[in-house]
Amino acid sequence: MNRLSSASLKKEDIVPILKMGTKEEMRILQSLAMQIKQERVGRIVYFRGLVEFSNLCRKNCFYCGLRKENKGVNRFRLSEEEILQAAAFAHEKRYGSLVLQSGENQSEEHIDFICRVVEEIKSKYDLGITLSCGEQSEDTYRRFLASGAHRYLLRIETSSPELYGKWHPGDGKHSFETRLNCLKSLKKIGFQVGSGSMVGVPYQTLEDIAGDILFLRDMEVDMMGIGPFVEHSGTPFYRSEAYSIPREERLKVTLTMIAVLRILLKDVNIASTTAMQALDKFGREKGLLFGANVIMPNLTPATRRKDYLLYEHKPDLDEDALLCDNSLEARIASVGETIGYGQWGDPLHFFRRINHSSSPS
Numbered sequence: 012m013n014r015l016s017s018a019s020l021k022k023e024d025i026v027p028i029l030k031m032g033t034k035e036e037m038r039i040l041q042s043l044a045m046q047i048k049q050e051r052v053g054r055i056v057y058f059r060g061l062v063e064f065s066n067l068c069r070k071n072c073f074y075c076g077l078r079k080e081n082k083g084v085n086r087f088r089l090s091e092e093e094i095l096q097a098a099a100f101a102h103e104k105r106y107g108s109l110v111l112q113s114g115e116n117q118s119e120e121h122i123d124f125i126c127r128v129v130e131e132i133k134s135k136y137d138l139g140i141t142l143s144c145g146e147q148s149e150d151t152y153r154r155f156l157a158s159g160a161h162r163y164l165l166r167i168e169t170s171s172p173e174l175y176g177k178w179h180p181g182d183g184k185h186s187f188e189t190r191l192n193c194l195k196s197l198k199k200i201g202f203q204v205g206s207g208s209m210v211g212v213p214y215q216t217l218e219d220i221a222g223d224i225l226f227l228r229d230m231e232v233d234m235m236g237i238g239p240f241v242e243h244s245g246t247p248f249y250r251s252e253a254y255s256i257p258r259e260e261r262l263k264v265t266l267t268m269i270a271v272l273r274i275l276l277k278d279v280n281i282a283s284t285t286a287m288q289a290l291d292k293f294g295r296e297k298g299l300l301f302g303a304n305v306i307m308p309n310l311t312p313a314t315r316r317k318d319y320l321l322y323e324h325k326p327d328l329d330e331d332a333l334l335c336d337n338s339l340e341a342r343i344a345s346v347g348e349t350i351g352y353g354q355w356g357d358p359l360h361f362f363r364r365i366n367h368s369s370s371p372s
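Taking our numbering, the leading residue of the sequence shown gets 12, the next gets one more, and so forth.
What follows is the structure in structure tokens.
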């Protein structure tokens, strides 16, 4: 583990850690990650009420169930009233923050809708607002910021341009450089920026994942979402034979990656993603015990959750928000964590980053 403290950390230093498999090795890694979590961000879990408000998407990613060419998807967009009802629930339950997530849609009508909804939420409730609406122009990102959103999630998916090309069609709508430039724009204009990657996608190696860790470190993102890849039958990658990380290894590698990111980046926010629970019923709790400190309870109306499937076997599809809320509270307490009710839970890394950038050289 000593190599993780090196400023000259390279891929070849990280790969052996990702390969670790014994219980003792994982225990040591977990212990170090939790020590740093305790010291830098505390044993507090911040809730982000997740509202998946539209599955309309212009993209055709080979791994995603919402891809444009998946004709089996019942396309929808929630009404303003439905989103405001979810915001009211989050406010009542003292979640502190809301995440509004959609497929990628760059139409003016959609952008206007998002800005209008965010402004309405901010006028009614003291909720932190995170958006996750894909690649947009810098002007659009500025509009989102001006409307009251202050966090934005945009996964790089992979830090390898070559791998990015294998995961997306060459139709002019999928560009690694565009994705990278969007992240840079979000940082430049003042968003708290979240990114992340998947673990176990076809053609991906442990060397690629090590590269993702270094990318997230060097980009200095404030929030991270790391999740194991879970297949969807409506995608080209369903039943692919191009895996180098078997399904049964994906959760372990994801937990290892979370721990390494906590050790390296210390005061960032790291989500324990729902996809982890899709592979292991205690997956999200395990994520918290390897260094994550954010969970996103699903506030999407239960009648629409089955229409927002990035992957299959997604948990809690039929439970309403109240049942999910009661279940989550008990599960988080069971692993010794405290829920940060009523707190926005902004990443400390963001404030350190902006203070450092504004300091005289």
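Beta carbons: idealized from backbone N, C-alpha and C, even for Gly.
Delimiting residues of the alpha helix (DSSP H) encompassing residue i
| i | result |
| --- | --- |
| THR267 | 258-276 |
| GLU63 | Note, GLU63: premise wrong, no alpha helix (DSSP H); beta strand (DSSP E) at 55-65. |
| ARG295 | 294-299 |
Local conformation of residue i per DSSP, three classes
| i | result |
| --- | --- |
| ASN280 | strand |
| MET287 | helix |
| THR349 | strand |
| ILE220 | helix |
| SER134 | helix |
| SER372 | For SER372, the pLDDT reaches just 45, beneath the cut-off of 50, and the residue's location in the model is therefore unreliable, leaving the point undetermined. |
Rounded C-alpha distance that separates residue i from residue j
| i | j | result |
| --- | --- | --- |
| ASP318 | ASN66 | 7 Å |
| ARG153 | SER196 | 9 Å |
| TYR57 | THR314 | 26 Å |
| GLU340 | ILE350 | 8 Å |
| VAL264 | VAL271 | 10 Å |
| SER143 | VAL62 | 10 Å |
| PHE362 | ASP233 | 9 Å |
| LYS133 | GLU149 | 22 Å |
| ALA286 | VAL241 | 7 Å |
Sequence-distant residues of its chain with Cβ nearer than 6 Å to residue i (five each side left out)
| i | result |
| --- | --- |
| ARG162 | THR141 and GLN203 |
| SER283 | ARG295, GLY298, LEU299, ALA303 and ILE306 |
| TYR175 | THR169 and PHE187 |
| TRP355 | GLY107, SER108 and GLY139 |
| SER113 | PHE64, SER65 and CYS144 |
| ASN85 | ASP318 |
CB contact flag (residue i, residue j, <8 Å)
| i | j | result |
| --- | --- | --- |
| GLU115 | ARG69 | yes |
| ALA289 | TYR254 | no |
| PHE301 | GLN41 | yes |
| PRO239 | LEU225 | no |
| MET230 | LEU194 | yes |
| TRP178 | VAL210 | no |
Close-in-space but distant-in-sequence residues of the same chain around residue i (CB under 7 Å, 5 per side omitted)
| i | result |
| --- | --- |
| SER171 | ASP219 and GLY222 |
| ILE1 | Because the chain in this structure spans residues 12 to 372, residue 1 falls outside the shown range and cannot be described. |
| VAL52 | ASP278, ASN304 and LEU359 |
| ALA97 | GLY60, VAL62 and LEU310 |
| TYR249 | GLU242 and HIS243 |
Residue interval of the beta strand (DSSP E) (run including residue i)
| i | result |
| --- | --- |
| GLN203 | 203-210 |
| GLN117 | GLN117 -> no beta strand (DSSP E), and no H or E assigned at all. |
| THR164 | Per the sequence presented here, residue 164 reads as Leu, with Thr not at that position. From DSSP, the beta strand (DSSP E) with LEU164 extends over 162-164. |
Cutoff 8 Å; reference residue i; Cβ partners in own chain excluding five residues on either side
| i | result |
| --- | --- |
| SER118 | none |
| LYS22 | GLU218, ALA221, GLY222 and LEU225 |
| GLU130 | SER158 and GLY159 |
| SER291 | It should be noted that the sequence gives Asp, not Ser, for residue 291. For ASP291, where only same-chain residues beyond five positions count, the Cβ hits under 8 Å are LEU262 and LYS297. |
Residue-chain proximity (residue i, chain C), Cβ-Cβ < 8 Å
| i | result |
| --- | --- |
| LEU40 | Included in the structure is just one protein chain, with no chain C present. |
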